[in-house]
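Novice:
Residue numbers (UniProt numbering): 1 to 280.
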């Protein structure tokens, strides 16, 4: 089991003091994906260093962003990072001036204390220097204390601006890619990665998802982005793109940090403000 039983989940342990996980538009590291549409993934962020996209991220509330710890192994100085939201392209044209109003300086980078550069505990929080203004293209995603009910769920989504195949970068106009993936149960994931030379799969800290035939997966450049599942019209972030054995290979699903395993750490750090629904 990954935590609380399903019957505890309807108590709405969500990530912000107000609605989260909602989108107003109803309509790849991602392999086998398709172009997204503006507003379909309004929590999706692009973390940028030296002006270029480096990792994905997700918006938790107006000041806090969730990503992967390994994104910051080389560059830990917050002043070198910005977060972009509300854009389909990770390389918008210079003439699209309003893009720069959707980029936010990073004030603090908080890497999970037990992260040691391996695949374990691959989670980080970023505090922005100023508050994000919500609109129909920028909204927060929910996090919950248990992801057990999402085991074997076949209609979750991974999003990102990463490679579309191993060694093949996302072509212009660099639009956000999205791919539908299945969450694979822990015993199967453990079996698939229990091979010499592979990073170890830890079912207490990780989730794996994709398709066993390898047609849909995350890839280089998608790290830190969200694996999200919908429940009764609300989108919940279940995982963070972390690592994999290549991209889109048969029997090698992508591996994600299990967000619910770090729910209490997130709750401790993030200032949810008065009226928070967390823990109620």
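Built from N, CA and C at the ideal position, the CB exists for glycine as well.
Give every residue of the same chain whose Cβ lies closer than 8 Å to the Cβ of residue 3, excluding the five residues on either side of it in the sequence, and list them in chain order.
Specialist: With a pLDDT of 26 at residue 3, under the threshold of 50, the modelled position of that residue is not reliable, and no figure is offered here.
Novice: Quick check on the DSSP output: what are the complete beta strand (DSSP E) runs of length 3 or more inside the segment 135-204, in order along the chain?
Specialist: 156-160 and 177-184
Novice: Do the segment 59-67 and the segment 112-119 meet, that is, are 3 or more Cβ pairs less than 8 Å apart?
Specialist: no
Novice: On the DSSP letters alone, give me the boundaries of the beta strand (DSSP E) that residue 81 sits inside.
Specialist: Per DSSP, residue 81 belongs to the beta strand (DSSP E) from 81-85.
Novice: Nearest chain B C-beta to residue 38 closer than 8 Å, yes or no?
Specialist: Note that chain B does not occur in the displayed structure, where there is just one protein chain.
Novice: Can you tell which of 255, 85, 42 and 69 has the C-alpha that lies nearest to the C-alpha of residue 113?
Specialist: Measuring C-alpha to C-alpha distances from residue 113 to each of 255, 85, 42 and 69 identifies 69 as the nearest.
Novice: Using a threshold of 8 Å, state whether the C-beta atoms of residue 201 and residue 189 are closer than that.
Specialist: yes
Novice: Indicate whether the contact test is met: 3 or more Cβ pairs, each with one atom in the segment 102-109 and one in the segment 76-88, closer than 8 Å.
Specialist: yes
Novice: Give me the residue from 66, 108, 227 and 91 with the minimum Cα distance to residue 77.
Specialist: 108
Novice: Is it the case that the Cβ atoms of residue 241 and residue 229 are separated by a distance below 8 Å?
Specialist: no
Novice: What whole-angstrom Cβ distance do residue 92 and residue 159 have, given they're in contact under 8 Å?
Specialist: Rounded, the Cβ-Cβ distance is 17 Å, inconsistent with contact.
Novice: Is the Cβ-Cβ distance between residue 90 and residue 71 less than 8 Å?
Specialist: no
Novice: Count the other CB atoms within 10 Å of the CB of residue 128; is the residue buried (16 or more) or exposed (fewer)?
Specialist: Buried, by the Cβ-count rule.
Novice: On the three-state DSSP scale, how would you describe residue 59?
Specialist: In the three-state scheme derived from DSSP, where H, G and I count as helix and E and B as strand, residue 59 is classed as strand.
Novice: Is DSSP giving residue 68 helix, strand or coil here?
Specialist: If DSSP states are grouped into helix, strand and coil, residue 68 belongs with coil.
Novice: If you draw a straight line from the C-alpha of residue 234 to the C-alpha of residue 20, how long is it?
Specialist: 7 Å
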